[in-house]
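**Q** Using full-length UniProt numbering, read the sequence shown as starting at 1 and increasing by one per residue. All C-beta atoms, glycine included, are put in the ideal place defined by N, C-alpha and C. Small disclaimer: the values here were computed from a predicted structure and weren't measured.
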Amino acid sequence: MIKKILSLLFVFALLSSAAFAAGIDTTNKSQSKNGTLGNDEMIGSGNGEAITTRTTEMTQTIERVRSRSMAQANVSATGDAARNVYRNQVQNAVQNMLDLSEVAGVNGQQISTIAREFNNSAQNSTQAEDRMASRGSVSRLLFGGDYAAAEDLEASVNQSQERIQEMKQLIEGDPEMDAEVKEMLLEQIATMEAEQARLQTFAQVEKQSTGLLGWLIKK
1 MIKKILSLLF VFALLSSAAF AAGIDTTNKS QSKNGTLGND EMIGSGNGEA ITTRTTEMTQ
61 TIERVRSRSM AQANVSATGD AARNVYRNQV QNAVQNMLDL SEVAGVNGQQ ISTIAREFNN
121 SAQNSTQAED RMASRGSVSR LLFGGDYAAA EDLEASVNQS QERIQEMKQL IEGDPEMDAE
181 VKEMLLEQIA TMEAEQARLQ TFAQVEKQST GLLGWLIKK
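#1: Using the three-state DSSP reduction, which class does leucine 199 fall into: helix, strand or coil?
#2: Do the CB positions of glutamate 195 and glutamine 89 come within less than 8 Å of each other?
#3: Here's the rule: buried if 16 or more other CB atoms are within 10 angstroms of the residue's CB, otherwise exposed. What is glutamate 57?
#4: So what's arginine 54 in DSSP terms, helix, strand or just coil?
#5: Can you look up aspartate 99 in the DSSP assignment and give me helix, strand or coil?
#6: Can you give me the C-alpha to C-alpha distance between alanine 82 and lysine 207, rounded to a whole angstrom?
#7: Please determine if the stretch 61–69 and the stretch 180–188 are in contact, where contact requires at least 3 C-beta pairs separated by less than 8 Å.
#8: Tell me whether leucine 213 sits in a helix, a strand or coil according to DSSP, three-state version.
#9: Identify the continuous alpha helix (DSSP H) that holds asparagine 107 and give its terminal residues.
#10: Specify the secondary structure class of alanine 77 as computed by DSSP and reduced to three states.
#11: How would you call residue 220, buried or exposed, if buried means at least 16 neighbouring beta carbons within 10 angstroms?
#12: Is the separation between the beta-carbon of serine 160 and that of alanine 122 shorter than 8 Å?
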């Protein structure tokens, strides 16, 4: 009788161990299946929308760009000081583009390259605008605006606009890009476009300022 009881206890112990081991295996598989969500987040509705994996790097980049944009949005100025505000907005937009391009997917490297080219033409625009802004009041009264600087500015603006369109096509042409990254990239594009419109107007006004004797120079 005692032997039968011991045998039953032994069998029960074996069955309990097997069930416990199976439970651990199931838990591990479940954790393994969902474990990537600790560092990565699956984004997408599943209704025809591309499913992308938002990595920790992507999330940190988005937060960094958002913070930089919010800080810049609180800066304002008037008169000559406003030019520096506009320029800083564009510089921040370029930096944001470079940051976001690192998590922008297959077109990221191209976006980064073009953003740097845009920055070069933007610097040329700054130099031309400064030349116009520093023109003396007497020279402006007699000879009008700095026509040559205005034409240089228009040329730089045209180059910048070409770069903007190239980046815009790359951004809008990638259906698998993270939706929030795409939205933020297009926000930087909008900032760049607004600055080009301002510079274009500035150049046109400068060219229309002929002064008392400006017609002699343009003859």
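**A** Working from what's here:
#1: Here residue 199 is taken as the residue at index 199 of the sequence shown, counted from 1. Leucine 199 falls in the helix class under three-state DSSP.
#2: Along the sequence shown, one-based indexing puts residue 195 at 195. Along the sequence shown, one-based indexing puts residue 89 at 89. Cβ distance < 8 Å, so glutamate 195 and glutamine 89 count as in contact.
#3: Indexing the sequence shown from 1 puts residue 57 at position 57. Burial call: exposed.
#4: In the sequence shown, the residue the question calls residue 54 occupies position 54. In the structure shown, arginine 54 sits in a strand (DSSP, three-state: E or B).
#5: Mapped onto the sequence shown, residue 99 falls at position 99. DSSP places aspartate 99 in helix when its eight states are reduced to three.
#6: Counting from 1 along the sequence shown, the entry for residue 82 is found at position 82. Counting from 1 along the sequence shown, the entry for residue 207 is found at position 207. C-alpha separation (whole angstroms): 21 Å.
#7: yes
#8: By 1-based counting over the sequence shown, the position of residue 213 is 213. Note: leucine 213 maps to coil in three-state DSSP.
#9: As a first step, residue 107 must be located in the sequence shown, where it is residue number 107. From DSSP, asparagine 107 is part of no alpha helix (DSSP H); its letter is neither H nor E.
#10: The sequence position of residue 77 within the sequence shown is 77, counting from 1. If DSSP states are grouped into helix, strand and coil, alanine 77 belongs with coil.
#11: Beyond the ends of the chain as shown, which are 1 and 219, falls residue 220; an answer cannot be given.
#12: In the sequence shown, the residue the question calls residue 160 occupies position 160. In the sequence shown, the residue the question calls residue 122 occupies position 122. A contact, by the Cβ cut-off of 8 Å.
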